[in-house]
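Residue numbers (this note's numbering): 40 to 629. Here a beta-carbon is modelled for each residue, glycine too, at the ideal position from N, C-alpha and C.
Written out as structure tokens, the structure reads:
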């Protein structure tokens, strides 16, 4: 009996483990047809099983690669949101539609919501549907064709449609349409949602994640960033003291800008916003350095000599840097190398200006290159300071590959939706692809993240009135705060720095604040690519049925053997009892 109890306990343990990782769910997917003929409703199914973190997608009609990329990213966001280590779970998604649909990024919010529901064991309200991209920080991003999707929802019997915040109104042919009122006319309730938190509450009536968490700033980060700000701002004081009052009065505006940036840096330091302080002081330093160099009446030859000196120092410093051994060092190394790259870029710009006999512009670019090199040195003080998880080259490669795909997808989507492309985002993406080819995965990941952020910013302002931008900025900064506060183990150094800077800019430059809030959101979630044993981030997508996962297959196999042994023992015992009974004389009944 003791053996039987142990066996039953073992089998219950295996069953419970499988039950935790097994689940299924369904929601409606709103999309537009391809070629565009209006909106359509499709069915999105998800089943999870014990496995190794793979994703399987079945679609009829077949999905495009952008839908596959969106599915993978949405799954990563959902796992992070639910606090689940999904490396032991396989995800089987199925999309069933009656027509060829344009899924892609606009299906991201639906996929993320369904994935969270299955992981949490919750059920989504079948009368609710959502359209929107899913972005880092759990933000629901802008999409197109919403009015057609509302019509499709009405036709499918859906009573409530969730749309991205800020998309209630849109203009076409100089006419503004209120989508909430349009939904009312069709008998559909239309609600704007900004985050996955808000979407899940509408789907389930439950609050999944409270938003009142405070950011726990890593003390080592605070100490080093304080030193970095002090170093750059002390340089501001030094350079401002060298200002020549006899410099051409035409530079009075430049002097005024430098002084204003210096004051902003001082205020930011008092508020302990050290990255913002360092950024403001860097801006002041470039201008003060230019005034210093210009006052020396440099010739073309002297300026060229200065450029050669900067390039030599950049090369020497770059060669002295070691490979990153931790996730934190990878973040810092990317920033240092990015600044060294900027320094080299501005020496090239300076040389080009000098060739055109534009000495003043050449000197300004030289000043920028000098100060960029100085800021790279300041950032390098971080290297080796923050001890966290070790990082493998393969994990960096996978992260680079995943982020490249995400950035490419988001840029293409922005091009389709806005009908124009961002030259800046495409240029940065090209740099990321070049770094990938050179197997420099640290810089690849950094550049691809910047590129995707810029595409997100384009989508954020699409169809948005100027007076609505401030609200979007505030919401994104708050989303970045929430995202950073939820990070465990790896402190998002770059993400937090950009969050801080966006906060400092929001009152004076809302569009720059919007860009840096998108940077903050994208960099704050960098940890999703570096979870323990996360070796499948860049694997291909599969459609066939997954084979049983070895650990659970073996456990079930062993349990089966054990059960067979017990049954055999019971059978033998029963047979022995019957034989013994047969040997005994039968008692006569009276």
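By the 16-neighbour rule on beta-carbons within 10 angstroms, residue 445 is buried. As summarised for the stretch 453-484, the continuous alpha helix (DSSP H) elements at least 4 residues long and confined to that stretch are 462-476, given in chain order.
When the five nearest sequence neighbours on each side are left out, the beta carbons in the same chain lying within less than 8 Å of the beta carbon of residue 118 are those of 124, 125, 154, 158 and 567, in order along the chain. Taken through DSSP and simplified to helix, strand or coil, residue 569 comes out as coil. For residue 240, there is no enclosing beta strand (DSSP E); the residue is found in the alpha helix (DSSP H) stretching over 235-243.
Within the stretch 79-119, the complete beta strand (DSSP E) segments of 3 residues or longer fall at 94-99, listed in chain order. In this structure residue 418 does not touch residue 349 by the C-beta definition: roughly 17 Å separates them, more than the 8 Å allowed. Across the set 562, 425 and 450, the C-alpha of 425 shows the shortest separation from the C-alpha of residue 260. Ranked by how close their Cα comes to the Cα of residue 238, the residues 305, 316, 429 and 199 have 199 in first place. As the crow flies, the alpha-carbon of residue 331 is around 11 Å from that of residue 277. Per the C-alpha coordinates, the member of 296, 390, 343 and 315 positioned closest to residue 304 is 315. Residue 404 sits away from residue 325, with the two beta carbons spaced by 7 Å or more.
Around the C-beta of residue 177, 16 or more other C-beta atoms lie within 10 Å, and the residue is accordingly described as buried.
Residue pairing by DSSP places residue 173 opposite 179 in a beta bridge. Of the candidates 191, 496, 421 and 85, 85 places its Cα closest to the Cα of residue 161. Counted as a single uninterrupted DSSP element, the alpha helix (DSSP H) harbouring residue 524 occupies residues 505-524.
Rounded to the nearest angstrom, the gap between the Cα atoms of residue 422 and residue 379 is 15 Å.
Unbroken alpha helix (DSSP H) stretches of 4 residues or longer found wholly inside the stretch 267-333: 291-309, given in chain order.
Around residue 156, the same chain offers 64 and 163 as residues with beta carbons nearer than 6 Å, after the five sequence neighbours per side are excluded. The residue among 202, 255, 535 and 352 with its C-alpha nearest the C-alpha of residue 235 is 202. Membership of residue 230 in the beta strand (DSSP E) is indicated by the continuous run 228-232. Partner residues in the beta bridge of residue 208, as assigned by DSSP, are 217. Going by C-alpha positions, residue 174 is about 46 Å away from residue 396. Counted as a single uninterrupted DSSP element, the stretch harbouring residue 402 is not any beta strand (DSSP E) but the alpha helix (DSSP H) occupying residues 398-418.
Beta-bridge partners assigned by DSSP to residue 135: 82 and 99. Annotation: the continuous alpha helix (DSSP H) that includes residue 543 extends over 532-544. The beta carbon of residue 537 lies closer than 7 Å to those of 555, 558, 559 and 562 in the same chain, with the five residues before and after it left out.
For residue 497, the secondary structure class from DSSP, reduced to helix, strand or coil, is helix. A straight-line Cα-Cα distance of about 19 Å links residue 373 and residue 257.
When the beta-carbon positions are compared, residue 67 and residue 197 come within less than 7 Å of each other. For residue 67, the enclosing beta strand (DSSP E) begins and ends at 62-72. Going by beta carbons, residue 149 and residue 169 fall inside the 7 Å limit.
Nearest to residue 96 by C-alpha distance, out of 428, 133, 456 and 543, is 133.
A distance of 7 Å or more separates the beta carbons of residue 339 and residue 388. In the three-state DSSP reduction, residue 335 falls in the coil class, being neither helix nor strand.
In this structure, residue 490 lies away from residue 457, with their beta-carbon atoms at least 7 Å apart.
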